[in-house]
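**Q**
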Amino acid sequence: MADPTSTDPADVAAVDDAVTRSTGTDGYGLTSGGFIPKPFSRILAEKLALSRSLFGVDIDLGSGSALRKILEVSALEDARTWAALAAIYDNQFVATASGEALSRLGEELGLRRPHLEARGTIKLTAQLPSNVSGIALPRGARLLTLGGHHVALDEAVVLSPASPVRETQVVAFYPGPEHNLDPGNPQQKILWWNPADPKLAWDPSSLLSIARSLNPNVAPEALVAIAHTQPLTGGERLWPDARYRDLLLRAPRSIWTVDAIRTAISLVPGVRQVQVRDRIGGVDVDLPIFGTFDFIERLFGAERDLASPYTFDVVVAATDGALWDGPDGLAVAIDAAIEDLRPIGVLPRVQPADPVYVAIQAQLVVKGLPLPRGVSGEVINASTAAVALKQRLLARVHAYIDGLDFGEPVRFSEVMWVLMNEPGVTDVRNLLLVPSPLAPGRKPPDVGDNVPIKPTQIATFVDTDTLLRIV
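Sequential numbering of the sequence shown, starting at 621, is according to my numbering.
1. List the endpoints of the continuous beta strand (DSSP E) containing His770.
2. Tell me where the alpha helix (DSSP H) around Arg662 begins and ends.
3. What separation, rounded to the nearest whole angstrom, lies between the Cα atoms of Gly653 and Val936?
4. Checking the sheet assignment: what are the DSSP bridge partners for Val1048?
5. Measuring alpha carbon to alpha carbon, tell me which of Pro889, Trp702, Ser1056 and Ala746 ends up nearest Leu650.
6. Rounded to a whole number of angstroms, what is the C-alpha to C-alpha distance between Ile584 and Thr853?
7. CA-CA distance, Asp802 and Glu697?
8. Taking 8 Å as the limit between beta carbons, can you name the residues of its chain near Pro741, skipping five residues before and five after?
9. Of the choices Leu961, Leu779 and Tyr930, whose alpha-carbon is the least far from that of Pro872?
10. Helix, strand or coil for Val1038 per DSSP?
11. How is the alpha helix (DSSP H) around Trp702 delimited, first residue to last?
12. Given Ala634, which residues of its chain have a CB within under 6 Å of its CB, disregarding the five upstream and five downstream residues?
13. List the residues that DSSP assigns as beta-bridge partners of Lys743.
14. Cutting at 8 Å between CB atoms, please list the residues of its own chain near His735, excluding the five before and the five after it.
15. Return helix, strand or coil for Ile1073, following the three-state DSSP convention.
16. Once DSSP output is grouped into helix, strand and coil, what is the label at Ile881?
17. Count the other C-beta atoms from every protein chain shown that fall within 10 angstroms of the C-beta of Phe932, then say buried if there are 16 or more, exposed otherwise.
18. Would you identify the three-state DSSP class for Ile964, choosing helix, strand or coil?
19. Roughly how far, in whole angstroms, is the beta-carbon of Ile830 from the beta-carbon of Val752, given that I think they are within contact range, below 8 Å?
20. Go ahead and label Tyr977 buried or exposed: buried means 16 or more other beta carbons lie within 10 angstroms of its beta carbon, across all protein chains shown.
21. CA-CA distance, Asp1069 and Asn835?
22. Quick one: give me the first and last residue of the beta strand (DSSP E) that Gln895 is part of.
23. Could you check which residue in Ala880, Pro749 and Leu764 has the C-alpha nearest to that of Gly730?
24. I need the DSSP call for Val1030, collapsed to helix, strand or coil.
25. Quick check on Pro840: does DSSP put it in helix, strand or coil?
26. Val905 to Thr877, Cα distance in whole Å?
27. Hey, how far is the Cα of Ala1008 from the Cα of Lys819?
28. Spatial neighbours of Ile1021 within its chain, please: CB distance less than 8 Å, with the 5 preceding and 5 following residues excluded, ordered by chain position.
29. Check each candidate in His1018, Ser874 and Trp812 and name the one with the smallest Cα separation from Ile980.
30. Helix, strand or coil: how does DSSP classify Asp636 here?
31. Smallest Cα separation from Ser826: which of Arg759, Leu722 and Arg892?
32. Let me make sure I understand the geometry here. Which of Glu737, Leu744, Ala1005 and Gln712 has the alpha-carbon closest to that of Leu811?
33. According to the Cβ coordinates, are Ser671 and Leu681 closer than 8 Å?
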C-alpha cells in the first residue's frame, strides 16, 4: 500500500508557530468525524519546537544539520504509525474498510466476498450453406461442455462467407475458480451450443433455426464450429472493494424482509437487477384510522381470508447469458434462493422484467486511427481498426445501459458523453437512440430524444455495430 505521508518542506513551514506553545494534538486522533491522523508536517514542527525549547533558540535546525535529519526520520516513522492507526480504525467499518478487512466484515454479516466469472476466447468458424448469407450470434448466446459447464458469448458476433472466422470473447455463466475451463480436460472443453437457449432461435436467420430448417437437420456445431484452445482465467478473483462494499451496505440484518429477499436474489448468477414488491404487507399509513386507533376499544382489522393466498412480486431483469426456463434456468435458481427467507405461507410470484431493447445509430468522426486511405466508406468501416473501435464504443454504451435501474430512461446526453470519451473519436453526428422493435403507433426517434422506460421495464442494449459508420 502506498505511503500517504507527505514530506514536503513547504508543509513543515506552514505550521503555525502556536505549536511551540501547545501539545499540538488538538483536532487529531479519534474525533467526532472519525480518526484524523496527524500529518508529517505537524509532527516535524512539534519536534523542531521541542528541540528549540530544550537546546535553545540558537540550535542549528537547518536543512543540512544532523539533528534536523534525525528529527525528520523520527517524524516520518511517527507519521507512518498515525497512518497505520487510522487504517486500523477505518477497517472496523464497512463504509471505510478495504481489502481483507472488508472481507472479514462481510463474513461477519454472512456474505462472503463473491468470485468473479472466468473469461477467455474461443474461435468460431462458419460453414454456411450456399443459401445462407450470414449468421448473427447475439451477446449472451450459451455454450456447453461435456461436464455441464455453462459459458456465454461476451460480445455479438456476425459470421458470413466473406468473414467466416472470428476470435470472440466468452465468459463463464457461474462465478468461481472451478469454471476456469481448461480445454486439456475433456470435461471442461467447450464443445456445443446450448439447444435450450431461445436467443439462438429468435428468428429464421438464427443459428438453431437454420440448423433445424435444413433437410436433413444438422447440428448447430456443423454450421458454426467451436474451437476452444486456451483456458478461461480469472474465476479465482474476487469482487473489487467498491462493488462488495455496495452489497454489504445494502445487506439487511434480518430475514423475512423485502431487503433480505432482494439481496439474496441479486447474488444469483444471471440476475442483473431485481425488484421485490410487497403491495399488501406493511402498515397502510394512508388509512384515515392510522394514528388514531384505540386498541382497547376496537379491532385493528378483519380476520384474514384464509382462502386467498398471500403473495409478493419479484421482477427480475436477467443478464444477456441467462436462461429463464428449464432445470438450469433463472426461475428455478431464484425460487431456491428465497425459499428459506420468505415467511411461511407467503409465496413469491417470480416474473421476468419487460425489456426495452435499445440500439444506437450514429456517424463517427475519428482521428489518429490506422484506417485505410483512398478507399470507399464500406472498406473503411470493414477494416480491422474500424471494427475494433466500434466494439469499444459498444462496450462503453453496454456498461452504461447495464447500470440503469427499472424505469430509468436511456438519456441521449449520457450516451453522447460515453461515446465522446473514447480516444480517437472527435465528433458524433446524428446520434439516435433506437428502440428495437419500435412500439406500434410510436414515431421514430429524433436526434436528442431520450428513450422513456416505464416503472416495470428496464433498458437492454442491442450491441450491433451495423448502425455505426465512420465518415
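A virtual CB, placed ideally from N, CA and C, is assigned to each residue, including glycine. Quantities reported herein were computed from a predicted structural model and do not represent experimental measurements.
**A** The answer reads as follows:
1. For the purposes of this step, residue 770 is taken as the residue at position 150 of the sequence shown. Unbroken beta strand (DSSP E) run through His770: His770 to Leu773.
2. Position 42 of the sequence shown holds residue 662. It spans Phe660 to Phe675 - the alpha helix (DSSP H) in which Arg662 sits, taken as one unbroken run.
3. Here residue 653 refers to the residue found at position 33 of the sequence shown. Here residue 936 refers to the residue found at position 316 of the sequence shown. Approximately 39 Å between the Cα atoms of the pair.
4. As a first step, residue 1048 must be located in the sequence shown, where it is residue number 428. Its beta-bridge partners are Leu984.
5. In the sequence shown, the residue the question calls residue 650 occupies position 30. Here the closest residue by C-alpha is Trp702.
6. With the chain running from 621 to 1091 in the structure shown, residue 584 is simply not present.
7. For the purposes of this step, residue 802 is identified with residue 182 of the sequence shown, where counting begins at 1. For the purposes of this step, residue 697 is identified with residue 77 of the sequence shown, where counting begins at 1. So the alpha carbons of these two residues sit roughly 48 Å apart.
8. In the sequence shown, counting from the first residue as 1, residue 741 sits at position 121. Note that residue 741 is Thr in the sequence shown, not Pro. Taken in chain order, the residues that qualify are Glu787, Thr788, Gln789, Val790 and Gln850.
9. Position 252 of the sequence shown, counted from the start, is the residue given in the question as residue 872. Residue Leu961 is the option with its Cα nearest to Pro872.
10. Counted from its first residue, the sequence shown places residue 1038 at position 418. DSSP places Val1038 in helix when its eight states are reduced to three.
11. Taking the first residue of the sequence shown as position 1, residue 702 is located at position 82. First-last of the alpha helix (DSSP H) with Trp702: Ala686 to Asp710.
12. Translated into the one-based positions of the sequence shown, residue 634 becomes position 14. Any reading at Ala634 needs caution, since the residue's pLDDT is 48, under 50, leaving its predicted position unreliable; the model's value is listed next. Counting only Cβ-Cβ distances below 6 Å, and skipping sequence neighbours, we find nothing.
13. Counting from 1 along the sequence shown, the entry for residue 743 is found at position 123. Its beta-bridge partners are Glu787 and Ala847.
14. The sequence position of residue 735 within the sequence shown is 115, counting from 1. These residues qualify, in order along the chain: Pro795, Gly796, Pro797, Gly855, Glu856, Arg857, Leu858 and Trp859.
15. Here residue 1073 is taken as the residue at index 453 of the sequence shown, counted from 1. Ile1073 falls in the coil class under three-state DSSP.
16. Stepping through the sequence shown from its first residue, residue 881 is reached at position 261. Reduced to three states, the DSSP call for Ile881 is helix.
17. The residue labelled residue 932 in the question sits at position 312 within the sequence shown. Phe932 should be labelled buried.
18. As a first step, residue 964 is located in the sequence shown; it is residue number 344 there, counting from the start. DSSP places Ile964 in coil when its eight states are reduced to three.
19. Residue numbering aside, residue 830 sits at position 210 when the sequence shown is read from its first letter. Residue numbering aside, residue 752 sits at position 132 when the sequence shown is read from its first letter. With 8 Å as the limit, Ile830 and Val752 qualify as a contact, their Cβ atoms being about 6 Å apart.
20. As a position in the sequence shown, residue 977 is number 357, starting the count at 1. Exposed: under 16 other Cβ atoms inside 10 Å.
21. Within the sequence shown, the letter at position 449 stands for residue 1069. Within the sequence shown, the letter at position 215 stands for residue 835. When rounded, the distance between both Cα atoms is 47 Å.
22. Taking the first residue of the sequence shown as position 1, residue 895 is located at position 275. Run containing Gln895: Val891 to Arg897, per the beta strand (DSSP E) assignment.
23. The count along the sequence shown starts at 1 and reaches residue 730 at position 110. That would be Ala880, whose Cα lies nearest to the Cα of Gly730.
24. What you label residue 1030 is simply residue 410 of the sequence shown in a count that begins at 1. Residue state, collapsed to three classes: strand.
25. Taking the first residue of the sequence shown as position 1, residue 840 is located at position 220. Here Pro840 sits in helix by DSSP.
26. The sequence position of residue 905 within the sequence shown is 285, counting from 1. The sequence position of residue 877 within the sequence shown is 257, counting from 1. For Val905, the predicted model reports a pLDDT of 46, less than 50, meaning its position is unreliable; a value from the coordinates is still stated below. Computed Cα separation, rounded: 18 Å.
27. Working through the sequence shown from its first residue, we reach residue 1008 at position 388. Working through the sequence shown from its first residue, we reach residue 819 at position 199. In a straight line, the C-alpha of Ala1008 is about 24 Å away from that of Lys819.
28. Here residue 1021 refers to the residue found at position 401 when the sequence shown is read from its first residue. Taken in chain order, the residues that qualify are Val978, Val1030, Ala1079, Thr1080 and Phe1081.
29. Sequence index remark: in the sequence shown, residue 980 carries index 360 (1-based). It is His1018 whose Cα lies nearest to the Cα of Ile980.
30. As a position in the sequence shown, residue 636 is number 16, starting the count at 1. Residue placement at Asp636 is flagged as unreliable, the pLDDT there being 47, under the threshold of 50; a coordinate-derived value is accordingly withheld.
31. Looking up residue 826 in the sequence shown gives position 206. Measuring from the Cα of Ser826, the nearest candidate turns out to be Arg759.
32. Here residue 811 refers to the residue found at position 191 when the sequence shown is read from its first residue. With distances taken between Cα atoms, Leu811 lies closest to Leu744.
33. Position 51 of the sequence shown, counting from 1, holds the residue named residue 671. Position 61 of the sequence shown, counting from 1, holds the residue named residue 681. It is a contact, given that the beta carbons lie within the stated cut-off.
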